[in-house]
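All remarks here apply to the structure that follows.
In the UniProt record's numbering, the protein residues as written are 1 to 164.
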C-alpha cells in the first residue's frame, strides 16, 4: 500500500479506512455508492451538508467541508488525476464528537494516484485538517477529515442547527 499524507493529522476523528466498523462514538457510518460521473457528486455534497450540521460545523466550516467533499470526489473522476476504471464511486462518512471523516474510493489501474501537489490536491489540503490517499488491491482512495472548531455539538446546539 502506498500512502501519502497531505496535512498533519491529530487523534480524534479516524477515517476508518479499513472500510468497516463504527465511528469513534459508536455511530454507524453513512455509505453512498454513486455512478462515477460528475453529475452525481451533488448527492454526496448534500449528504456532507446534512452531516456537517450534525457535526456542529459553523457556516464557514460547512462551506469548506462541502467544497472539500466535491474536490475529493473530483480527484477520482478526472482522468488526468487518477486512472479510475470503476463504474462507481464509494463514499463512507464517519461522524464523531470531534468532526467528520470521508473516504472516497473507486477501482483503479495499478499505480494510479492523485496528482499530489496539483491544484485540486492543494485546494483540498487547505480545506481539511487531514488528507491522505492510498492505492491497494486495485482500488484508489482519498481520505479527508474536518474537525469542528467549536468542538462536539451538544443536543441543544444540534437541535438549533437542524431547525434553522
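Beta carbons are placed, not taken as given, at the ideal position from N, Cα and C, and that holds for glycine.
Beta-carbon within less than 6 Å of residue 149's beta-carbon, same chain only, minus the 5 sequence neighbours each way: which residues are those?
Counting only Cβ-Cβ distances below 6 Å, and skipping sequence neighbours, we find nothing.
Provide the residue span of the alpha helix (DSSP H) that contains residue 129, from first to last.
Looking at the DSSP string, residue 129 is not in any alpha helix (DSSP H), and its letter there is neither H nor E.
Which residue's Cα is closest to the Cα of residue 110: 41, 49, 31 and 134?
When each option's Cα is compared against that of residue 110, the closest is 134.
Assumed close pair residue 29, residue 92 - CB separation to whole angstroms, cut-off 8 Å
Contact between residue 29 and residue 92 holds: CB atoms are separated by about 5 Å, below the 8 Å threshold.
For residue 43 and residue 201, the rounded distance between their alpha carbons:
Here the chain has residues from 1 to 164 only, and residue 201 is not among them.
Where does residue 35 land, buried or exposed, given buried means 16+ other C-beta within 10 angstroms?
Classification for residue 35: exposed.
If distances are taken between C-alpha atoms only, which option among 95, 121, 61 and 59 comes closest to residue 131?
The option with the nearest alpha carbon to residue 131 is 121.
Can you give me the Cβ contacts of residue 23 inside the same chain, cut-off strictly under 6 Å, excluding the 5 residues immediately before and after it?
In this prediction, residue 23 scores a pLDDT of 47, lower than 50, which makes its location untrustworthy; the coordinate-derived value is nonetheless stated afterwards. Within the same chain, 94, 95 and 96 come within 6 Å of residue 23 by CB-CB distance, once the 5 residues on both sides are set aside.
Our contact map puts residue 108 next to residue 138 with C-beta atoms below 8 Å; I'd like the distance itself, whole angstroms only.
Between residue 108 and residue 138, the beta carbon gap of about 7 Å places them in contact (Cβ cut-off 8 Å).
Cβ pair residue 68, residue 127 closer than 8 Å
A contact, by the Cβ cut-off of 8 Å.
Could you pull the start and end residues of the beta strand (DSSP E) that residue 106 belongs to?
Start and end: 99-107.
Which residues bound the beta strand (DSSP E) around residue 96?
That run of the beta strand (DSSP E) goes 88-96.
Report the rounded CA-to-CA distance for residue 144 versus residue 104, giving the unit in angstroms.
Using only the alpha carbons, I get a separation of about 9 Å.
Which class does residue 28 belong to by DSSP, given the choice of helix, strand or coil?
If DSSP states are grouped into helix, strand and coil, residue 28 belongs with coil.
Report, in whole angstroms, the separation of the C-beta atoms of residue 76 and residue 140, which I expect to be a contact under 8 Å.
About 7 Å separates the CB atoms of residue 76 and residue 140; that is less than 8 Å, so the two are in contact.
Put residue 137 into one of helix, strand or coil per three-state DSSP.
Coil.
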